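Numbering (this note's numbering), first residue to last: 38 to 207. A short write-up of the structure that comes next.
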């Protein structure tokens, strides 16, 4: 549970070189817009930089693929192809996002999800959360980028004003 992770991090403190992943949503009448980022504390390692670049490349490509008539599986395959090519096959998830609807706590997730082979068609008016998540247990390093997009006739429009840049704090 996210709350226990955050509470543990606050109680134990963060190291001078650490990382923290946050995922949160803004809500209006049960409609959600989500955002997810990994914040690097201290100087980022070469691995963190490489993971972030791969996630940003995958996010950009996936947003370009999201459009009416495309299917959810194709978006996932785009995500997988880019992360695999960057050398992170063993560290990616087997899903890269989901639909957002008028949902009730404790979740904002809705069907359908982005996974290989999902033939569900993307429709205008859908609101989707795309997440690029890498978890490298061997090096205790993770990287995430997540953003909400609205599907319009011409493709996808980000609902966030925030960039995909790596966030680094001292």
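Glycine included, C-beta positions come from ideal geometry on N, C-alpha and C. Quick caveat, the model's predicted, so the values are computed rather than measured.
With 16 other Cβ atoms within 10 Å as the buried cut-off, status of residue i
i	result
residue 118	exposed
residue 74	buried
residue 181	buried
residue 65	exposed
residue 39	With a pLDDT of only 41 at residue 39, under the threshold of 50, the placement of this residue in the model should not be trusted, and no figure is reported.
residue 216	This structure does not reach residue 216, given that the chain is present from 38 up to 207, and the question cannot be answered.
residue 207	exposed
residue 124	exposed
residue 50	exposed
residue 69	buried
Assumed close pair residue i, residue j - CB separation to whole angstroms, cut-off 8 Å
i	j	result
residue 186	residue 103	6 Å
residue 129	residue 171	6 Å
residue 116	residue 87	In fact, because the Cβ distance is near 17 Å, the residues do not count as touching under 8 Å.
residue 201	residue 93	5 Å
Contacts around residue i, its chain only, beta-carbon distance under 8 Å, and the 5 residues preceding and following it disregarded
i	result
residue 155	108, 109, 110, 113 and 149
residue 159	103, 104, 105, 106, 107, 108, 109, 112, 165 and 188
residue 81	89, 203 and 205
Neighbourhood of residue i by C-beta, 6 Å cutoff - its chain only, sequence neighbours within 5 removed
i	result
residue 55	78
residue 53	79
residue 192	104
residue 120	91, 95 and 129
Candidates the options: closest to residue i by CA position
i	options	result
residue 178	199, 63 and 83	83
residue 153	70, 131, 125 and 58	131
residue 197	207, 190, 184 and 203	184
residue 161	60, 136 and 120	136
residue 176	145, 85 and 141	85
Residues of its chain near residue i, where Cβ-Cβ distance is below 7 Å and the 5 sequence neighbours each way are ignored
i	result
residue 194	186 and 187
residue 157	108, 109 and 149
residue 41	Residue placement at residue 41 cannot be trusted, given a pLDDT of 42 that sits under 50; the coordinates are not used to answer.
Contiguous beta strand (DSSP E) assignments of at least 3 residues, all confined to the stretch 61–147: The stretch 61–147 contains these whole beta strand (DSSP E) runs: 68–78 and 134–137.
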